[in-house]
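Numbering (this note's numbering), first residue to last: 3 to 362.
I have placed the structure first, in the form of structure tokens, so that the comments after it can refer back to it.
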């Protein structure tokens, strides 16, 4: 019997003075995991409050919340799902400027009280919400000063090492970058942990891209074909379920340049049903479809994004998913974009294409 998965979610009070915590825990196998034979508990530790006593780190002294079982199991797809809940007073909020992290520990014990499994991850308390022409983080609008980043190394090719990731993040901080779009696929798990730690807003993007179909007029995009629906959904589910506990992720992306159709509507619907704590991003179909919570064009002219931001019938903010193609002698008019962003309500920044290595 083991902990198969867990999903940390928090809901902040209106004045951010406390957080209601909910952790979904799935136990496998179903036949052996009734809580008459086992017990579940979870603890939140304030990792910033660790202190040394006699040369040792006292982790137990930093516990700030104990979560108890709130809901009986529901058997779904071979799992038993449990809900652990609790409350944290005066949480230290996570943001790109102050990336406060806590440690969640989920413990499974047998009837004798012996620990049989344990899972842990770093979590952050933050609120992503929508307002008229704005995305808010912890109740405040943020300007996205982002870059697109491929997983690429100058010597190792399409892979990466932690030292390179850290170097990228340090350079980004030094140059006032506060956000990254994972172009165009989920990336190495350590990348997310580092973005949590350093403080970056992230768009996590599903590995769905079919723009080659644009040159084949007689062939339908996969998003229009029912036979491709499950394959596309598998990729989105895999991304969300793997990365869902990371504070840095503020938005899920349905993919890149993959057209638009009913399969994308299904992807957006599944994400919104699974995770209400984040927004959905997708540029395909003109960047203004019902499957995206932000207007996210690529390479749109300055006057056109200003026009959209001023449209009285459009209530979503404009965040360019790609702009200012940074290759060779380029970026000459980036100041025009930022003059517009600084002076137009509804423009919330964008992601430069791309970070350092031109690979696409």
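All C-beta atoms, glycine included, are put in the ideal place defined by N, C-alpha and C.
Decide if residue i is buried, meaning its Cβ has at least 16 other Cβ atoms within 10 Å, or exposed.
| i | result |
| --- | --- |
| residue 221 | exposed |
| residue 370 | No answer is possible for residue 370: the residues shown for the chain start at 3 and end at 362. |
| residue 355 | buried |
| residue 180 | buried |
| residue 100 | exposed |
| residue 84 | buried |
| residue 294 | buried |
| residue 164 | exposed |
| residue 345 | exposed |
| residue 255 | buried |
Looking at the structure shown, is residue i part of a helix, part of a strand, or coil, going by DSSP?
| i | result |
| --- | --- |
| residue 68 | strand |
| residue 147 | strand |
| residue 181 | strand |
| residue 120 | strand |
| residue 113 | coil |
| residue 216 | helix |
| residue 234 | helix |
| residue 240 | helix |
| residue 228 | helix |
| residue 17 | coil |
Would you mind stating whether residue i and residue j have Cβ atoms separated by less than 9 Å?
| i | j | result |
| --- | --- | --- |
| residue 318 | residue 297 | yes |
| residue 174 | residue 340 | no |
| residue 136 | residue 279 | no |
| residue 95 | residue 18 | yes |
| residue 138 | residue 41 | no |
| residue 193 | residue 243 | no |
| residue 265 | residue 225 | yes |
| residue 302 | residue 253 | no |
| residue 206 | residue 245 | yes |
| residue 247 | residue 8 | yes |
| residue 21 | residue 93 | yes |
| residue 262 | residue 213 | no |
| residue 211 | residue 258 | yes |
| residue 26 | residue 70 | no |
| residue 312 | residue 352 | no |
| residue 326 | residue 310 | no |
| residue 106 | residue 45 | yes |
| residue 260 | residue 286 | yes |
| residue 191 | residue 350 | no |
| residue 234 | residue 269 | yes |
| residue 88 | residue 249 | no |
| residue 98 | residue 202 | yes |
| residue 187 | residue 209 | yes |
| residue 38 | residue 124 | no |
To which residues does DSSP link residue i through a beta bridge?
| i | result |
| --- | --- |
| residue 46 | 67 and 106 |
| residue 24 | 11 and 87 |
| residue 159 | 155 |
| residue 349 | 320 |
| residue 41 | 111 |
| residue 4 | 30 |
| residue 142 | 139 |
| residue 325 | 354 |
| residue 127 | 95 |
Do residue i and the ligand GDP come close, with the Cβ less than 8 Å from some heavy atom?
| i | result |
| --- | --- |
| residue 229 | Although the ligand GDP was asked about, the structure shown includes no ligands whatsoever. |
What are the start and end residues of the beta strand (DSSP E) that includes residue i?
| i | result |
| --- | --- |
| residue 266 | No beta strand (DSSP E) holds residue 266; the alpha helix (DSSP H) holding it covers 264 to 276. |
| residue 206 | 203 to 207 |
| residue 298 | No beta strand (DSSP E) holds residue 298; DSSP gives it neither H nor E. |
| residue 255 | 251 to 255 |
| residue 221 | Careful: residue 221 lies outside any beta strand (DSSP E) and carries neither H nor E. |
| residue 100 | Neither: residue 100 is in no beta strand (DSSP E) and is coded neither H nor E. |
| residue 281 | 281 to 283 |
| residue 1 | Any answer about residue 1 is impossible in this case: the structure gives the chain only from 3 up to 362. |
Which residue marks the beginning of the alpha helix (DSSP H) containing residue i, and which one marks its end?
| i | result |
| --- | --- |
| residue 311 | 304 to 311 |
| residue 132 | Per DSSP, residue 132 belongs to no alpha helix (DSSP H); it is in the beta strand (DSSP E), 130 to 133. |
| residue 199 | 191 to 200 |
| residue 337 | 336 to 345 |
| residue 173 | 164 to 176 |
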